[in-house]
Amino acid sequence: MMNCLLCGVGGQGTVLASRVIAQTAMEAGEFARTAETIGMAQRGGCVVSHVRVGGGCASALIPLGQADVLIAFEPGEAVRCLPYLKAGGTVIVNPAAVQPVTAALSGGREDGAAMVDYLKKKAGRVIVVDGAAVCAACGSPKVLNTALLGAAAASGALGLTLEQTEKTLRARLPEKVHEMNVRALRLGAAAAGKE
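For reference, each letter of the sequence shown is one residue, going 34 to 228 in this note's numbering.
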C-alpha cells in the first residue's frame, strides 16, 4: 500500500493533484481511495488531501505516521502535516511560503527557508521543487501542482511513472493546457533528479 498526503492552501491545485494520483493508480490496475479536508480553502485556508493506493485500507484517511510521501505546496503546511509522514518517508516541497492571515495581521512573516531546513532535519528524504521558477518557465502560476507531481513520480515514492502521470494529465485537462502542464511535469521531475 502507498499512502500520499498532499497539503497546501486553497487555490494551489491540491485536490486536482490528488485526483490525478488516484486516477493514475486506478488506470494501472490499483485500488485507490481519496479524501479531502478543505475547510476555508476558498479563502486561502489549508487543504489536505489523502490518497491511499492498494488494498487493505479500511479508511481513506491516512493515520498519523503512515504517509509514505508528503507533497507540500508550501512549507508551512508541510511542517504542520509532518506528523503524518512515516519514518524515512519522502517530502516533496515548494519552498515559497504563503503568509497566513494571522502573520499578516501581526506584522510577522513565515520563513520558507527555515521551514525547509526543519523538514530536512526531520524527514527521511526531502526534494525541493522551486515552484516559482517552474511556473515562470511555463508561463502560468497554475502549474505548481503538476510540477510537484512530476517530482513525486520521478522520485519513485508514488510507485507511478512519469509517463503514466502524463497520460492521466492529458486525459483530465483541456487540450489547450497540455503542453504547459507536460513541461511543468518534466521540470518537476528534473528537480527530483537534483536532490
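We put the beta carbon where it would ideally sit given N, CA and C, even for glycine.
Boundaries of the beta strand (DSSP E) around N36: M35 to V42.
Only exposed fits T70, as fewer than 16 other CB atoms lie within 10 angstroms of its CB. Boundaries of the beta strand (DSSP E) around K119: L118 to V126. Under the 10 Å beta carbon count, S92 is surrounded by fewer than 16 other beta carbons and is classified as exposed. If you draw a straight line from the Cα of E110 to the Cα of V124, it is about 12 Å long. Each of E107, R113 and L118 was checked against the Cα of M35, and the nearest Cα belongs to L118. When beta bridges are read from the DSSP output, L152 appears opposite no residue.
Across the set D150, V167 and A165, the C-alpha of D150 shows the shortest separation from the C-alpha of V159. If you draw a 10 Å sphere on the C-beta of R85, you find 16 or more other C-beta atoms in it, and that means buried. Following the DSSP letters along the chain, one finds V80 inside the beta strand (DSSP E) bounded by residues C79 to V86. Here V161 is not near C114, since their CB atoms are 8 Å or more apart. Looking at the DSSP output, I104 sits in a beta bridge with L39 and I125. Counting only residues of its own chain and dropping the five nearest sequence neighbours on each side, A224 has a CB closer than 6 Å to the CB of V162 and A184.
C-alpha of V112 to C-alpha of G41: approximately 11 Å in a straight line. Contact between G122 and G157 holds, since their C-beta atoms are separated by about 5 Å, short of 8 Å. Here A61 has L193 and Q197 as same chain residues with Cβ atoms under 8 Å from its own Cβ, once five neighbours each way along the sequence are excluded. Between the alpha carbons of V126 and A187 lies a gap of roughly 14 Å. With respect to A180, G145 sits apart: the two C-beta atoms are not nearer than 8 Å.
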